[in-house]
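Mapping of the sequence shown onto my numbering: residues 8 to 1194, in sequence order. All C-beta atoms in this analysis are idealised placements derived from N, C-alpha and C, irrespective of residue type, glycine included. Written out below as C-alpha cells is the structure these notes cover.
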Amino acid sequence: MMKKSQEAIGTATGQDPAVDGFDGSEVGIKKRSRVPGVMITQYVETIPEGQNHPDFTRKPIALTIQEGKFAFFKAIVNGEPKPTVTWSRNNGDVSDPARYQTKYDPVTDEHTFEMVNVSPDQADTYKCFAVNEHGRAVVTVVLNIIEVGFNKNKAKPAGAAPVENFSTVLKRKSKVRPKKEAVERKEGEIDPKFWELLLSADKKDYEGICTEFGITDFRWMLKKLNEMKKERKEEQAEFVKSISNLKPIEVAGDGTASLEIDLDLIEPSSRIFLYKDGQMVPYTKELGDKMKHTLNLTGKKYIFSIKDLMPDDAGLYQIDVEGVNVFSTEFKIPPIEFLVKIQEVTATERQDAVFEAVLSNPFSKILWFGKNQPLEMGDKYDIEVSEDKLIHRLVVKDCMVVDKGIYSAWAGIKSCNAWLLVEPDKDAKKGKPAERKTTRAGGSGANLAQIAQQQQEKLVKVREEITEIKAAKVKEAVEAAVTAAAEPPPVEAVPVTVETGIKSGLGDIYALRDKQTEFIVNTLTVCDGTWFKDGEQLTAKSRGYRISQDGLCHKLTVLKCGDDDTAMYSFVAGEHSTKGKLTVGDVPVFDPDDLHKFSRPVIIRVGQNAAFKMPYPPQDGLVVRWFKDGVELKDGAGSKIMKESNHSRLLLRDCLRSDTSGITIQLQNPFGAVEAKSNLIVLDRPGPPDGPVELVETTSSLIEIAWKPPTDDGGSAVTNYIIERQQAGQGPWAVQGDVSADKTAYRDRNVAHGKRYNYRIFAQNPQGQSDALETTDSIMAGVLILSGPPGAPTVVSASKTCITLTWTPPENDRGVPIIGYQLEKRKKDTHSWVVLNPLNEPIEALSYAVKDVTEGAEYEFRVAAINESGAGDPSPPSAMVCAKNPNMRPRFKDPEDFIVVRAGNSVRVKVNYEGEPPPEITWLRDNEKISPWVNVVNTEGTSTLVIPSSKRSDSAIYTIIAKNSVGDAMFDVEVRVTDQPKSPGPVAIEQTVQGRVLLSWSPSPDEELDDRLYYVVAEHESGTRVWKNIADRLFSHAYTAVNIQPGREYHFRVFAKNDMGLSDPSDSPTWGVNGDRVPLAPNGCGSMEVNFERPPSILVPLKVHCPPKGYQLYMTCAVRGRPTPSVAWFLNDVCINSDDHYYITNAFGVCSLYILRVGSQDGGEYKIVAENPLGHAQCTTKLVVKE
C-alpha cells in the first residue's frame, strides 16, 4: 500500500491564498493526477462517496505568439462539487478586464482565459487553479511573446528592465513582406520572391523558376545570385553552423504537407520563425495536431507540418533563424478535382489489381499511397498516365494477402481512397503455391476514355472563352485610351450625402429549445423600424416576443424558443431591410442505457481488434467524430469508421500496447455537441524490469542483486520475477530463482569464489513474460585475486611459419588455481602487444606453437597466468626471435621409387623435398640429361617431371638431385612404360611319365621389350569345369603339370603378365581320353551323330564412328562359328593385326579394336574377316575423323 506524504502548503509568487480559499496553514495530502504537470492537494483525509477533489481533464498548453495577436488558454476540469476556476500570473495581476477575460462554455465544459492584442509585458508564467471543498488542483503554463520591430523612443512600462542587447529584437532581413506592408514595385523590377526561391533551390530547378518569373538573362541572373548567396552565408554564419538536406514542401499520405531542413545551430536556444508570403505563422512544438502549423524536432532535423490543407495554404514558406532566412520553398496547389474516384477492388491471390481515377485538369503525376506508404514504379507497382494526363492508373502486380489494405490517390490537396481485398485462390492445389494470373481485377467500371474526352472538350471551350474575354478587355482598354486622349475629362461636382440605411444586419441563428435568443440590427441613423415573422408584422404586444430600441440598436428578443418560433425574421427601416432565419432545436443526446454500456472499457490482447459501437437517434445535419486521447481519428491507417443514420462503429485493427487510450465519440449539430467516453485497454506482457541491475552485496559465497519494477506492466499487475544466471564465458543460461512481485531483489548463494556470473531478470504477468533486463558486466563472487607472473618464454624452435615456445608456471599463484595461460606477441620496432588467445580460450599446456607469424619478421613473447579472476601479471619478455627456417641439408619426403605407366599416357613423377636455403633441382635420365620434350615443373617444396605422351622407350631410371649451400641429396625413380602384353605362342603338350604332362609354348612378342614379363598357367578338368591357376611368375617357356588323372579331359591356358595385367590366353589342345568308357545301348534304335560344326557368321556388325581428332575409339562386333574362326582386321584392305598402334582383342567371339588417340591417318574403311575350315564371314564400316 502506498503511503501518502503530508506537508504544509505554501503560497507561490503571484498566488493569492484568499482566491484559492486556502490559508496556507492547513495540512494537505499530495495526490497524483493522470495529467502530467498537474499538482493536486487534498484538504481532507476522507472524501464522501460520490464526491472527489478537483483535477484537470485537459490542461492549458504553452503558447508562443506574435505581438499584437489574440492569445488564449483553455482548460477542462472535473470534481464534485463543481470546482471554481481562477487564473493568475507570477509577475503581475490579471484583474484588468480590458486585457484579461475569463470565460466558461457550459456546452464544451471549457474554461478560457483570453488576452486580446497581447503585448511583450504579458509574457509570463500563468497559473490555473481549480478549487472545491475537498482540495485544489494547480497547473502552470508559459506564454512567450515574439516582438516585432523596435522603437528607441517607445516608452517602457513601469518596472520594465531596459533592453541592453538590441540584436535580440527581431529585424527580418528578407525582402518578402506581407501584402499590407509590400511596397509597390516599379516597372521592370523583379519580385523578391524570385531571389528567395533561387537561394534555396537546386541548380536543376533554376530554369523553371526563371521561366515562371520571365527572366531570360541567365548570365546576369547567375552573377547576381552568387553575390546574394555570399551575402546570405555571411548572415547565416552568425547563427548557424551548417545547413543541409533541404526538402521542399510535399503532401503526405495522411493529408498533411511538410517541409524539412537539417540545421546545426550555434546556439540551440536561437529562435526559429515560420513565414507564409512574408506573414509570420504561429506554430507550437507542444500542441501537436491541435494547431494547423506544428514543428517536430528530431536531432538536427526540423520538420514543419501543415494539416487540414486548404487552397489558401498555397504560397511562399520561409524559415528564419533570428531574422535571417535559411530556407524558402513555394507550395503550389493545383485547381484539381476527382471526376472519377478510385473504387474498392477485390482480387484473387496472384492476380493484378487496378485502381483508376479521372481528374478535372491535366496533371503530370499524382501521388499514390498504399497503407500510408508512398508507392513508386517498380517490380511491384505500375503507375500509368494517359496522353491527355487526365486518366491515372495504379496496378498492384501479383497480389498477395499482405497487399490487403487502403490505397489512396492525391492530386494537390484533393484525395480519394479505396480498399484492396485479396482472397485466396480456391483453384490452387493443396500444399502448392497458387499460379500467377494473367487477368486483372478492379477498375472504375466506367468509360474513362469517354469521360476524359468530354472533360478535355470542356477545358478547350473554357480556354477559348477566356481568350475571347481577354481580347475584348484589351479592345475596350484601347478604345478608352483613345477616347481619353481626344476629350478632356469633365469636372464633376462632389455631392454632399447623408448616410442612411442599415450598418449591420441580421444573420441565421440556431437557438436551443426553451432558451432565450435575440436578433440585433444596427442602423446608420436613428430611425424607426418594423419587425416581421414570415411576412407577418410583430408588435410590442406579440406574445413571446420583446421589441426594444436603444439609439441605433434595434433588438427583437424571443423569450422562450419553441418549434413555432422557427421562421424567417426580417427588419425594415424605410427603404432598407435585412433578413435572418431562426432555427430551434436541441443538442444531440444519448440514450442513458447506451451511454452506460459504451462507458465500459474494452479490454483486448495485443494483436487483436477493438470494436466500439454507439447508437443515437437519427437526425439531419448530425456530424459524428471519433477521438483517441483527444486526437480525432480518420478512416484508414489501422482504423475503420462506419457511420449510419442511427449508429456509428469504430474498429481499431491489430492493436498494440501503446493503443491503450481513452476513446470518445462526439455528436455535433448546429445547436451544440455531446460526447460519450470509453476506454481501450490493450493487455500485453510487461516491459522489462527497470534497470540497471544494482549489485547490493558480493562475497565469496553470496551475490545479491536488485532492480526496479517495469515502467509498463502490460495492463495487468506483475505476478513474479524470474532470475536466470550464466557463468561468464560459458554458454547456457539456467533458471536460478523465482521471486514474488513485491520483491525486487535476489540473493544467489550458489556461487564459487572468484568466478564471474551474468544475471538476467524477467517480469511475468498473466499475459506472458517480458524481455530480459541483463547485467551490463559480469559480477564476481568475492574479491579479484590475480596470479603472479610466469617465467619468461623460451624459444624451442623457429621456422618461417611457426615459432614454438615453452615457459615455467608462476612461483606464486596467490592461492587460486591456474586454469591456463594467455600468450602475447610484439613485433620488433612496435610498441603494442597482440593477444594470441582470448581469456575464454586459455592455453592449458606450458608450451605453444605460434603460427601467426610473418616470414622474416622478428618477435618477442610474454605470457600471463589465468585463474578464475582473470589474467595475472605478464612475464618478462622472451628473447627476440626471427621467423625463418634453420639451414638444413636437402632431403626428400616419402618419394616413390617405382612408377608404371601405360604407353600413350602421360608420365608424372612428383617428388617433395625440403631444405634451407631452397635447393637447386636437377633431373637426369640414366645419369644423362633429360630430353628437351620432357618438362620439369618446380614449385616451393615440390618438383614434378612430366612426359606428355609416353612410349616404351621412355622407360628408364630418372634421378633427382637437390643441392644447396649446406649439402646435396639425390634419389632414383624407376619409370616403366609398358602396355598390356600379347599372348604367348601355341601351347604343346607332351607326357613324360604317368600322371605328369609337360606344357611348352612359344614366348610372347613383348618378352624382348619387357624384362618384368612372366607367365601364368591355368587348367580345368572335365570333372570341375572351373579354371584355376596352377603356376604363376614363370620366366621359362615350359611347365610340368602333375596329378593328371586318367579317364579325364584336361584343358590348359597360358597367359603373359606384366605390370599392366594379363594378356589374352593361349589355349592348349585337349589332353586325356576316357578309353574305358562303356557305350550306351541304342534301345533298339539306330544311333545318330550330332554335328555342332558351322561356318563363321557375324552376330553383331560394326557401327559407323565419327570421333574428333585426339579422342579415344572403341570398335566392336560379335562373331560365331565352330571350329572357332580366326579373326583378322583390315584398314583399307591392309591387315593391321600386328600393328602396335591398335589394341585388338577377341573374348569368346566378342572382337574389339581400341585406338588410344585417333588421328587423321586412322580414317578409312575397316573390315573384319572371320574364317574357319567351313567358310568365312566379313563385316565393314567407315571411320570419319573430325578435325
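H603 in three-state terms, based on DSSP: Taking the sequence shown and counting its residues from 1, the one referred to as residue 603 is at position 596. Reduced to three states, the DSSP call for H603 is helix.
Start and end residues, alpha helix (DSSP H) containing M235: In the sequence shown, counting from the first residue as 1, residue 235 sits at position 228. Where M235 is concerned, the enclosing alpha helix (DSSP H) stretches over F225 to Q243.
Residues of its chain near K163, where Cβ-Cβ distance is below 6 angstroms and the 5 sequence neighbours each way are ignored: Numbered from its first residue, the sequence shown carries residue 163 at position 156. Reliability of the predicted coordinates at K163 is poor, the pLDDT of 40 falling under 50, and the value obtained from them is presented with this limitation in mind. Closer than 6 angstroms at the Cβ level, and outside the excluded window around K163, lies no residue.
Sufficient close CB pairs (3 or more, under 8 angstroms) joining the segment 568-587 to the segment 526-540: yes
Extent of the continuous beta strand (DSSP E) to which P525 belongs: For this step, residue 525 is matched to residue 518 along the sequence shown. Residue identity differs from the one stated: residue 525 is Glu in this sequence, not Pro. Run containing E525: T524 to T530, per the beta strand (DSSP E) assignment.
Residue(s) in a DSSP beta bridge with M122: Taking the sequence shown and counting its residues from 1, the one referred to as residue 122 is at position 115. In the DSSP assignment, the residues bridged to M122 are A78.
Among L70, A416, P939 and A683, nearest to V392 - alpha-carbon criterion: Taking the first residue of the sequence shown as position 1, residue 392 is located at position 385. Closest by alpha carbon: A416.
Straight-line gap, K11 to I36 (C-alpha atoms, nearest Å): On the sequence shown, residue 11 is found 4 positions in, with the first residue counted as 1. On the sequence shown, residue 36 is found 29 positions in, with the first residue counted as 1. In this predicted model, K11 has a pLDDT of only 35, less than 50, meaning its place in the structure is not dependable; the value taken from the coordinates is given anyway. When rounded, the distance between both Cα atoms is 7 angstroms.
Start-end ranges of the beta strand (DSSP E) lying completely within the segment 633-678, minimum 3 residues: If only complete runs of 3 or more residues are kept, the segment 633-678 shows the beta strand (DSSP E) at 646-650, 654-659 and 668-676, in order along the chain.
Beta-carbon spacing of I216, L204 below 8 angstroms: Working through the sequence shown from its first residue, we reach residue 216 at position 209. Working through the sequence shown from its first residue, we reach residue 204 at position 197. Contact flag set, yes.
Cutoff 7 angstroms; reference L1016; Cβ partners in own chain excluding five residues on either side: Position 1009 of the sequence shown, counted from the start, is the residue given in the question as residue 1016. These residues qualify, in order along the chain: R959.
Best match in V908, I1151 and A418 for proximity to P955 [C-alpha to C-alpha]: Translated into positions along the sequence shown, residue 955 becomes position 948. Checked all of V908, I1151 and A418; the closest Cα to P955 is V908.
Contact check, G449 vs F311, beta carbons under 8 angstroms: Reading the sequence shown from its first residue, position 442 is the one you call residue 449. Reading the sequence shown from its first residue, position 304 is the one you call residue 311. No. Outside cutoff.
Backbone CA spacing between G698 and L780 [nearest angstrom]: Counting from 1 along the sequence shown, the entry for residue 698 is found at position 691. Counting from 1 along the sequence shown, the entry for residue 780 is found at position 773. When rounded, the distance between both Cα atoms is 7 angstroms.
Counted within 10 angstroms of its Cβ, other Cβ atoms place V533 as buried (16 or more) or exposed: For the purposes of this step, residue 533 is taken as residue 526 along the sequence shown, with counting starting at 1. Exposed, because fewer than 16 other Cβ atoms sit within 10 Å of the Cβ of V533.
Per DSSP, the bridge partner or partners of K936: Sequence index remark: in the sequence shown, residue 936 carries index 929 (1-based). DSSP output for K936 lists L931 as bridge partner(s).
Sequence-distant residues of its chain with Cβ nearer than 6 angstroms to C1142 (five each side left out): As a first step, residue 1142 is located in the sequence shown; it is residue number 1135 there, counting from the start. Around C1142: A1135.
Sequence ranges, beta strand (DSSP E) only - wholly within the segment 955-1039, length at least 3: 963-970, 975-985, 994-1000, 1003-1008 and 1021-1028
Assigned secondary structure, G215 (DSSP; H/G/I helix, E/B strand, else coil): As a working mapping, residue 215 is identified with position 208 in the sequence shown. In the structure shown, G215 sits in a helix (DSSP, three-state: H, G or I).
Nearest to I516 (by Cα), restricted to the options H583, G592 and D103: As a position in the sequence shown, residue 516 is number 509, starting the count at 1. Nearest of H583, G592 and D103 to I516, Cα basis: G592.
Between the CA atoms of K200 and F220 - distance to the nearest angstrom: Here residue 220 refers to the residue found at position 213 when the sequence shown is read from its first residue. Here residue 200 refers to the residue found at position 193 when the sequence shown is read from its first residue. Cα to Cα, the separation comes out at about 9 angstroms.
First through last residue of the alpha helix (DSSP H) which encompasses L206: Residue numbering aside, residue 206 sits at position 199 when the sequence shown is read from its first letter. Counting along the chain, the alpha helix (DSSP H) containing L206 begins and ends at P199 to S207.
Sheet register partners of D719 (DSSP bridge): Numbered from its first residue, the sequence shown carries residue 719 at position 712. D719 pairs with nothing; no bridge assigned.
Burial state of N1098, where buried means 16 or more other Cβ atoms lie within 10 Å: As a position in the sequence shown, residue 1098 is number 1091, starting the count at 1. Under this definition N1098 is an exposed residue.
Any chain D beta carbon closer than 8 angstroms to V138: Looking at the structure shown, chain D is missing, and only one protein chain is on hand.
Given 8 angstroms, three or more beta-carbon pairs between the segment 896-905 and the segment 860-880: no
Cβ-based burial, M317 [other Cβ within 10 Å; buried from 16]: Counted from its first residue, the sequence shown places residue 317 at position 310. By the neighbour-count rule (16 or more Cβ atoms within 10 Å), M317 is not buried but exposed.
Three or more C-beta pairs below 8 angstroms linking the segment 774-790 and the segment 831-841: No, the segment 774-790 is not in contact with the segment 831-841.
The segment 1155-1168 contacting the segment 1122-1131, beta-carbon criterion three pairs below 8 angstroms: yes
Per-residue DSSP class, three states only, for T93: Counted from its first residue, the sequence shown places residue 93 at position 86. In the structure shown, the three-state DSSP call for T93 is strand.
Close beta carbons around G1091, own chain, < 8 angstroms, minus the five adjacent residues each side: Here residue 1091 corresponds to residue number 1084 of the sequence shown, with the count starting at 1. Note that G1091 has pLDDT 45, beneath the 50 cutoff, so the model's placement of it is unreliable and the number below is only indicative. None.
In DSSP terms, what M407 is bridged to: By 1-based counting over the sequence shown, the position of residue 407 is 400. In DSSP, M407 forms no bridge with anything.
Cβ-Cβ distance between N529 and L466 below 8 angstroms: Numbered from 1 along the sequence shown, position 522 holds the residue referred to as residue 529. Numbered from 1 along the sequence shown, position 459 holds the residue referred to as residue 466. No.
Under 8 angstroms between C-beta atoms of F246 and S277: One-based indexing of the sequence shown puts residue 246 at position 239. One-based indexing of the sequence shown puts residue 277 at position 270. Yes; because the gap between Cβ atoms is below 8 angstroms, this pair is in contact.
C-beta contact flag for K81 and P67 at 8 angstroms: Residue 81 sits at position 74 when you count from the first residue of the sequence shown. Residue 67 sits at position 60 when you count from the first residue of the sequence shown. Yes, these two residues count as a Cβ contact at 8 angstroms.
Neighbourhood of V842 by C-beta, 6 angstroms cutoff - its chain only, sequence neighbours within 5 removed: What you label residue 842 is simply residue 835 of the sequence shown in a count that begins at 1. Excluding residues within five positions, the ones whose Cβ falls inside 6 angstroms are E831.
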